[in-house]
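Here's the structure, in C-alpha coordinates; my notes come after.
In the numbering used here, the protein residues as written are 2 to 250.
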(Lines of atoms letter the chains of each structure in order from A and count residues from 1; the text may use other names and numbers.)
(Lines give C-alpha, C1' and ligand atoms only; values in the text may rest on other atoms or scores of the structure.)
Protein backbone atom coordinates (compact mmCIF):
# COMPACT_ATOMS: atom_id res chain seq x y z
CA UNK A 1 0.00 0.00 0.00
CA UNK A 2 1.20 3.51 -0.79
CA UNK A 3 2.73 5.48 2.06
CA UNK A 4 0.55 8.44 1.05
CA UNK A 5 -2.70 6.52 1.77
CA UNK A 6 -4.77 7.33 4.83
CA UNK A 7 -7.93 6.27 6.66
CA UNK A 8 -10.52 8.16 8.69
CA UNK A 9 -13.94 7.19 10.08
CA UNK A 10 -16.00 10.33 10.76
CA UNK A 11 -18.84 8.31 12.33
CA UNK A 12 -16.55 6.80 14.98
CA UNK A 13 -14.98 10.17 15.76
CA UNK A 14 -18.36 11.89 16.03
CA UNK A 15 -19.76 9.24 18.38
CA UNK A 16 -16.79 8.36 20.61
CA UNK A 17 -14.16 10.99 19.99
CA UNK A 18 -10.50 10.00 20.00
CA UNK A 19 -8.32 9.69 23.09
CA UNK A 20 -5.48 7.47 24.22
CA UNK A 21 -8.09 5.19 25.80
CA UNK A 22 -9.74 4.23 22.49
CA UNK A 23 -6.92 4.93 19.98
CA UNK A 24 -6.15 1.19 19.61
CA UNK A 25 -9.85 0.40 19.11
CA UNK A 26 -10.01 3.07 16.41
CA UNK A 27 -6.96 1.63 14.65
CA UNK A 28 -8.53 -1.87 14.73
CA UNK A 29 -11.51 -0.57 12.76
CA UNK A 30 -12.62 -3.30 10.30
CA UNK A 31 -12.34 -0.90 7.35
CA UNK A 32 -8.85 0.32 8.23
CA UNK A 33 -6.63 -0.86 5.33
CA UNK A 34 -3.49 -0.66 7.47
CA UNK A 35 -4.51 -3.23 10.07
CA UNK A 36 -3.37 -6.82 9.71
CA UNK A 37 -5.82 -9.50 8.63
CA UNK A 38 -4.51 -11.86 11.30
CA UNK A 39 -6.11 -12.01 14.71
CA UNK A 40 -4.15 -9.77 17.06
CA UNK A 41 -3.46 -10.03 20.78
CA UNK A 42 -5.37 -6.77 21.21
CA UNK A 43 -8.53 -8.45 19.94
CA UNK A 44 -7.93 -11.44 22.23
CA UNK A 45 -7.73 -9.09 25.23
CA UNK A 46 -10.79 -7.22 23.96
CA UNK A 47 -12.86 -10.42 23.97
CA UNK A 48 -11.83 -10.84 27.62
CA UNK A 49 -13.01 -7.29 28.38
CA UNK A 50 -9.46 -6.01 28.89
CA UNK A 51 -8.52 -2.63 27.47
CA UNK A 52 -7.02 0.59 28.75
CA UNK A 53 -10.41 1.95 29.81
CA UNK A 54 -11.43 -1.09 31.89
CA UNK A 55 -7.97 -1.32 33.47
CA UNK A 56 -8.21 2.33 34.52
CA UNK A 57 -11.65 1.70 35.99
CA UNK A 58 -11.12 -1.62 37.75
CA UNK A 59 -7.37 -2.00 37.92
CA UNK A 60 -5.70 -5.37 38.46
CA UNK A 61 -4.96 -7.66 41.36
CA UNK A 62 -1.66 -5.88 41.98
CA UNK A 63 -3.09 -2.44 41.31
CA UNK A 64 -6.72 -2.01 42.31
CA UNK A 65 -8.61 0.72 40.48
CA UNK A 66 -9.28 3.37 39.66
CA UNK A 67 -5.92 4.00 37.98
CA UNK A 68 -4.57 7.08 36.21
CA UNK A 69 -4.04 6.96 32.46
CA UNK A 70 -0.30 6.24 32.51
CA UNK A 71 -0.73 3.30 34.93
CA UNK A 72 -3.63 1.95 32.88
CA UNK A 73 -1.40 1.99 29.77
CA UNK A 74 1.38 0.23 31.69
CA UNK A 75 -0.98 -2.54 32.79
CA UNK A 76 -2.23 -2.93 29.22
CA UNK A 77 1.34 -3.33 27.95
CA UNK A 78 1.96 -5.94 30.65
CA UNK A 79 -1.14 -7.85 29.53
CA UNK A 80 0.08 -7.77 25.90
CA UNK A 81 3.52 -9.06 26.91
CA UNK A 82 1.94 -12.26 28.24
CA UNK A 83 0.63 -13.13 24.76
CA UNK A 84 2.44 -13.99 21.53
CA UNK A 85 1.60 -13.11 17.96
CA UNK A 86 0.88 -9.83 16.20
CA UNK A 87 0.13 -6.89 18.46
CA UNK A 88 -0.41 -3.14 18.29
CA UNK A 89 1.29 -1.03 20.94
CA UNK A 90 0.35 2.55 21.76
CA UNK A 91 3.67 4.28 22.29
CA UNK A 92 3.99 6.63 25.28
CA UNK A 93 3.32 10.29 24.62
CA UNK A 94 6.54 12.24 24.25
CA UNK A 95 7.12 15.05 26.72
CA UNK A 96 10.12 16.52 24.89
CA UNK A 97 8.37 17.99 21.86
CA UNK A 98 9.17 21.70 21.94
CA UNK A 99 6.66 24.24 20.73
CA UNK A 100 3.62 21.93 21.01
CA UNK A 101 0.69 22.62 23.30
CA UNK A 102 -0.99 19.79 25.29
CA UNK A 103 -3.96 20.00 22.89
CA UNK A 104 -1.69 19.47 19.89
CA UNK A 105 0.13 16.59 21.56
CA UNK A 106 -3.16 14.88 22.46
CA UNK A 107 -4.12 14.94 18.75
CA UNK A 108 -1.14 12.75 17.80
CA UNK A 109 -0.96 9.02 18.57
CA UNK A 110 1.85 6.69 17.52
CA UNK A 111 1.09 2.97 17.12
CA UNK A 112 3.68 0.26 16.61
CA UNK A 113 2.85 -3.03 14.91
CA UNK A 114 5.00 -5.86 16.32
CA UNK A 115 5.22 -9.62 16.24
CA UNK A 116 5.93 -10.96 19.71
CA UNK A 117 7.60 -14.35 20.10
CA UNK A 118 8.36 -14.17 23.82
CA UNK A 119 7.97 -11.89 26.80
CA UNK A 120 11.09 -9.89 25.93
CA UNK A 121 11.44 -10.35 22.16
CA UNK A 122 9.45 -8.50 19.51
CA UNK A 123 9.98 -7.73 15.83
CA UNK A 124 8.72 -4.40 14.53
CA UNK A 125 6.50 -4.80 11.45
CA UNK A 126 5.45 -1.20 10.97
CA UNK A 127 4.88 2.21 12.53
CA UNK A 128 1.65 4.18 12.15
CA UNK A 129 0.38 7.44 13.54
CA UNK A 130 -3.01 9.04 14.00
CA UNK A 131 -3.12 12.80 13.47
CA UNK A 132 -6.38 14.66 14.01
CA UNK A 133 -8.30 11.41 13.56
CA UNK A 134 -6.57 10.42 10.30
CA UNK A 135 -4.46 7.25 10.24
CA UNK A 136 -1.22 7.32 8.24
CA UNK A 137 1.63 4.90 7.73
CA UNK A 138 4.96 6.26 8.87
CA UNK A 139 7.39 6.59 5.94
CA UNK A 140 10.45 4.36 5.85
CA UNK A 141 14.02 5.66 5.89
CA UNK A 142 14.40 4.53 2.28
CA UNK A 143 11.27 6.41 1.29
CA UNK A 144 12.44 9.59 3.02
CA UNK A 145 15.87 9.43 1.36
CA UNK A 146 14.29 8.77 -2.03
CA UNK A 147 11.93 11.74 -1.67
CA UNK A 148 14.70 14.08 -0.46
CA UNK A 149 17.06 13.05 -3.29
CA UNK A 150 14.30 13.49 -5.88
CA UNK A 151 13.47 16.93 -4.47
CA UNK A 152 17.14 17.93 -4.55
CA UNK A 153 17.65 16.73 -8.12
CA UNK A 154 14.52 18.56 -9.23
CA UNK A 155 15.86 21.78 -7.73
CA UNK A 156 19.24 21.31 -9.43
CA UNK A 157 17.52 20.65 -12.76
CA UNK A 158 15.48 23.84 -12.46
CA UNK A 159 18.62 25.80 -11.55
CA UNK A 160 20.47 24.46 -14.61
CA UNK A 161 17.51 25.32 -16.85
CA UNK A 162 17.44 28.86 -15.46
CA UNK A 163 21.19 29.32 -15.94
CA UNK A 164 21.17 27.96 -19.49
CA UNK A 165 18.89 30.81 -20.57
CA UNK A 166 21.40 33.35 -19.24
CA UNK A 167 24.38 31.93 -21.16
CA UNK A 168 25.70 33.95 -24.11
CA UNK A 169 28.31 32.93 -26.66
CA UNK A 170 30.37 35.08 -29.00
CA UNK A 171 32.90 33.51 -31.40
CA UNK A 172 35.52 36.16 -30.66
CA UNK A 173 35.13 36.41 -26.89
CA UNK A 174 33.65 33.03 -25.87
CA UNK A 175 31.00 32.44 -23.25
CA UNK A 176 29.53 35.10 -20.97
CA UNK A 177 26.57 35.45 -18.63
CA UNK A 178 23.69 37.90 -18.69
CA UNK A 179 21.25 37.31 -15.86
CA UNK A 180 18.84 40.14 -16.71
CA UNK A 181 18.18 40.31 -20.47
CA UNK A 182 16.02 43.46 -20.11
CA UNK A 183 18.54 45.65 -18.34
CA UNK A 184 20.62 48.06 -20.41
CA UNK A 185 24.37 47.93 -20.19
CA UNK A 186 25.70 51.00 -18.43
CA UNK A 187 29.15 52.48 -18.85
CA UNK A 188 30.68 50.23 -16.21
CA UNK A 189 29.40 47.10 -17.92
CA UNK A 190 30.66 48.31 -21.30
CA UNK A 191 34.06 49.09 -19.82
CA UNK A 192 34.23 45.68 -18.15
CA UNK A 193 33.16 43.95 -21.38
CA UNK A 194 35.79 45.79 -23.40
CA UNK A 195 38.50 44.75 -20.95
CA UNK A 196 37.38 41.12 -21.16
CA UNK A 197 37.33 41.22 -24.96
CA UNK A 198 40.81 42.75 -25.15
CA UNK A 199 42.17 40.13 -22.78
CA UNK A 200 40.69 37.28 -24.84
CA UNK A 201 42.00 38.78 -28.07
CA UNK A 202 45.45 39.08 -26.52
CA UNK A 203 45.30 35.43 -25.49
CA UNK A 204 44.24 34.48 -29.02
CA UNK A 205 47.11 36.54 -30.49
CA UNK A 206 49.59 34.78 -28.23
CA UNK A 207 48.15 31.45 -29.37
CA UNK A 208 48.33 32.39 -33.06
CA UNK A 209 51.94 33.61 -32.81
CA UNK A 210 53.25 30.36 -31.44
CA UNK A 211 55.37 28.26 -33.73
CA UNK A 212 53.65 25.39 -35.55
CA UNK A 213 55.39 22.77 -33.46
CA UNK A 214 54.03 24.31 -30.25
CA UNK A 215 50.39 24.11 -31.32
CA UNK A 216 48.13 21.06 -31.09
CA UNK A 217 46.18 19.66 -34.04
CA UNK A 218 42.96 21.17 -32.69
CA UNK A 219 44.59 24.59 -32.34
CA UNK A 220 46.01 24.39 -35.87
CA UNK A 221 42.57 23.49 -37.23
CA UNK A 222 41.00 26.39 -35.35
CA UNK A 223 43.57 28.86 -36.70
CA UNK A 224 43.04 27.67 -40.28
CA UNK A 225 39.28 28.00 -39.91
CA UNK A 226 39.66 31.48 -38.43
CA UNK A 227 41.93 32.58 -41.31
CA UNK A 228 39.46 31.22 -43.86
CA UNK A 229 36.60 33.12 -42.25
CA UNK A 230 38.70 36.31 -42.24
CA UNK A 231 39.41 35.92 -45.98
CA UNK A 232 35.72 35.41 -46.75
CA UNK A 233 34.73 38.46 -44.73
CA UNK A 234 37.44 40.52 -46.43
CA UNK A 235 36.17 39.57 -49.90
CA UNK A 236 32.59 40.32 -48.94
CA UNK A 237 33.55 43.74 -47.62
CA UNK A 238 35.14 44.62 -51.02
CA UNK A 239 32.36 43.24 -53.22
CA UNK A 240 30.04 45.51 -55.19
CA UNK A 241 27.00 44.19 -53.38
CA UNK A 242 28.27 45.41 -50.04
CA UNK A 243 30.10 48.57 -51.18
CA UNK A 244 27.68 49.93 -53.79
CA UNK A 245 24.52 48.13 -52.77
CA UNK A 246 23.98 46.53 -56.18
CA UNK A 247 21.17 43.97 -56.32
CA UNK A 248 22.02 40.36 -56.93
CA UNK A 249 20.53 39.06 -60.20
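Glycine included, every Cβ here is placed at the ideal spot set by N, Cα and C.
Neighbourhood of residue i by C-beta, 8 Å cutoff - its chain only, sequence neighbours within 5 removed
i           : result
residue 30  : 8, 10, 13 and 36
residue 161 : none
Span of the alpha helix (DSSP H) around residue i
i           : result
residue 51  : It is not in any alpha helix (DSSP H) - residue 51 carries neither H nor E in the DSSP assignment.
residue 154 : 142 to 167
residue 73  : 70 to 82
residue 25  : 24 to 28
Rounded straight-line distance, which links the Cα of residue j to that of residue i
i           : j           : result
residue 38  : residue 63  : 34 Å
residue 129 : residue 163 : 40 Å
residue 143 : residue 171 : 47 Å
residue 75  : residue 156 : 47 Å
residue 148 : residue 33  : 26 Å
residue 65  : residue 50  : 16 Å
residue 91  : residue 25  : 7 Å
residue 85  : residue 117 : 5 Å
residue 111 : residue 131 : 6 Å
residue 168 : residue 178 : 5 Å
residue 126 : residue 166 : 49 Å
residue 72  : residue 94  : 13 Å
residue 44  : residue 78  : 14 Å
residue 70  : residue 154 : 47 Å
residue 152 : residue 109 : 27 Å
residue 141 : residue 173 : 55 Å
residue 124 : residue 89  : 12 Å
residue 158 : residue 145 : 20 Å
residue 107 : residue 150 : 33 Å
residue 222 : residue 228 : 10 Å
Close Cβ partners of residue i (< 6 Å) along its chain, the five nearest in sequence each way excluded
i           : result
residue 68  : 57 and 60
residue 134 : 9, 14 and 19
residue 82  : 120
residue 22  : 53 and 54
Environment of residue i [buried if 16+ CB atoms lie within 10 Å]
i           : result
residue 46  : buried
residue 255 : Coverage of the chain is limited to positions 2 through 250, which leaves residue 255 absent and any answer about it impossible.
residue 189 : Annotation note: pLDDT 47 at residue 189 (below 50); position unreliable, no value reported.
residue 41  : buried
residue 27  : buried
residue 114 : buried
residue 192 : Here residue 192 scores only 49 on pLDDT, less than 50, and its place in the model is too uncertain to base an answer on.
residue 175 : exposed
residue 6   : exposed
residue 87  : buried
residue 136 : buried
The beta strand (DSSP E) enclosing residue i, as first and last residue numbers
i           : result
residue 131 : 123 to 132
residue 91  : 86 to 91
residue 251 : Shown here, the chain extends from 2 to 250; a query on residue 251 therefore has no answer.
residue 113 : 109 to 117
residue 177 : 175 to 178
Cutoff 7 Å; reference residue i; Cβ partners in own chain excluding five residues on either side
i          : result
residue 80 : 46 and 51
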